[in-house]
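The opening residue of the sequence shown carries number 32 in this note's numbering; numbering runs sequentially from there. Ideal Cβ positions, reconstructed from N, Cα and C, are used throughout, including at glycine. See below for the structure under consideration.
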Amino acid sequence: MNGIPQNAYEAFGISPEICAYGEKIWQELLQTRFPEIDRISELNQLKVLQAFQETKVSEACLLGTTGYGYNDLGRDKLEEVYARVFRTEAALVRPQITCGTHALALALSANLRPGDELLSPAGHPYDTLEEVIGIRPSVGSLAEYGVTYREVSLTAEGGFDYEAIRNAITPRTKLATIQRSKGYQTRPSFSVEQIGELIRFLKECKPDLICMVDNCYGEFTQEKEPSEVGADMVVGSLIKNPGGGLAPIGGYIAGRKDCIERAAVRLTSPGLGAEVGASLQVLPQLYQGLFLAPNVVSAALKGAVFAANAYERLGFSVVPDGSEPRYDIIQSVTFHHPEGLIAFCEGIQAAAPVDGFVRPEPWDMPGYEDQVIMAAGAFVSGSSIELSADGPLRAPYSVFFQGGLTWQHAKLGILKSLQALYDKNLISMDAVLHL
Ligand SMILES: *Cc1c(COP(=O)(O)O)cnc(C)c1O
């Protein structure tokens, strides 16, 4: 395949039929897609490097602090770098932000007050936000603090229902949350341009509405970020795209100065804000991970495009499809039966550098209503910028595949997933050989 002797893949249990199929997909469908992915990666690499240089990141920035973390140069400069990359006034980037859900909960709870209403104008939010908001009753939810919630479903075509959105905005509507990526849904992810259009409309309806974008999985997949088209806050996880696979923990919020300040005092304490919070020993990975992120994201995008085309050709429904532009690194494949979802995850797990020998099983994961199966043999536990796949055990049994620190590894993962389905007779020999 691609000048690689077949026995190199046979050593991983990939049969000649699957190898030939992968080669066919590459030849016919992928070669033309990769240059655009490389172009966006190059632009974002320049953007990130420029932010480093303009911030005057120095060797001293890589040293950490302990205790209170007063005058933590590296932490403060890293936040400046993030603010430059996202073109915002300020940013909060901390190992004390434990994950993406925490970053989102922080941004929301910091900027909403009792009596305010939160609006989701782009349909139902990510599973873990249900408990943050209180859609599913939960201790400590925004609902418990007297923040109400309203949601406007997407239109049947997956677009924004502008009329319904206008009608949903009241004098109490304080903040709108917009999720860029589809998460565990089969709707399309939104482009930065679409998000910009939605924000323009929201601000027309209510100029002081705070517009927050859940940016998880979207960073560096396009030339611009949502904060460049009007978002007041963009929020994400460092064990996804912007951590570049190296960040061992953390989340970020980048945005308007007042929004970030409220988040900082909520994270630490009124009066203390962003001035405390020792960076410990993680700064080198947070800096270097951000530096590598545009290239790592391009590898993940290539893997996603390969998966889309390989599974689309076999007759599965895939979102996005094989030829659509990409607005995040997530690829969904719908199997309509649990066996397909499970086999796919087993294949991905079998390609992992860590825990490649274990078999993933569905489990009751905290924050999720249904059982979830996850394939992740990652250097950073739970990191989904590394090659990973997961999905809730519910109809239509879609897997959500993402990540791959290198394109070569993502490719092997997809081949292993195909092999796992093939071995269980879930894809037909004919389909594989004669397409
Ligand atoms: C991953 C994700 C989250 C939550 O992030 P965690 O780090 O898993 O808590 C929120 N929203 C979206 C769209 C995501 O993909």
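Closest by C-alpha distance to H133, when choosing among D245, P301 and G274:
D245
First through last residue of the alpha helix (DSSP H) which encompasses G444:
W438 to D454
On a Cα-Cα basis, can you pick out the residue from F251, V296, G334 and H155 that is closest to F322?
F251
C-alpha gap between L104 and A91, whole angstroms
8 Å
Beta-carbon proximity list for E343, same chain, < 8 Å, skipping 5 on both sides:
V349, D352 and G353
Mind checking whether the beta-carbon of S459 lies closer than 8 Å to any heavy atom of ligand 1?
no
Any heavy atom of ligand 1 closer than 8 Å to the Cβ of I284?
no
Work out the CA separation of G227 and G261 for me, nearest whole Å.
6 Å
From L149 to V223, what does the alpha carbon distance come to, in whole angstroms?
21 Å
Would you list the residues sitting across from S419 in a DSSP beta bridge?
A407 and Q433
Since T365 sits in a beta bridge, which residues does DSSP pair it with?
S348 and S429
Which whole runs of the alpha helix (DSSP H) in the stretch 180-231 are 4 residues long or more, in chain order?
193-199
Assign Q84 to one of two classes, buried (16 or more other C-beta atoms within 10 Å of its C-beta) or exposed (fewer than that).
exposed
Report the residue from L372, T96 and Y248 whose alpha carbon sits nearest the alpha carbon of A324.
Y248
Between which two residues does the alpha helix (DSSP H) holding A262 run?
Where A262 is concerned, there is no enclosing alpha helix (DSSP H), given that its DSSP letter is neither H nor E.
Is any non-hydrogen atom of ligand 1 found closer than 8 Å to the C-beta of G275, if you look at the structure I gave you?
no
Whole-angstrom Cβ separation of Q433 and A406, contact assumed at under 8 Å?
The pair is not a contact, with the Cβ atoms about 11 Å apart (cut-off 8 Å).
Have a look at G408 and Q439 and give me their C-alpha separation to the nearest angstrom.
16 Å
Ignore the nearest five residues each way along the sequence and tell me which others in Y399's own chain have a CB closer than 8 Å to its CB.
D158, T159 and P423
Could you pull the DSSP bridge partners for E85 from this structure?
None; E85 has no bridge partner.
Contact test: Q210 Cβ vs ligand 1 heavy atom, cutoff 8 Å
yes
Could you give the distance in angstroms between the alpha-carbon of P202 and the alpha-carbon of C236?
11 Å
Alpha carbon of G282 to alpha carbon of R211, nearest angstrom:
16 Å
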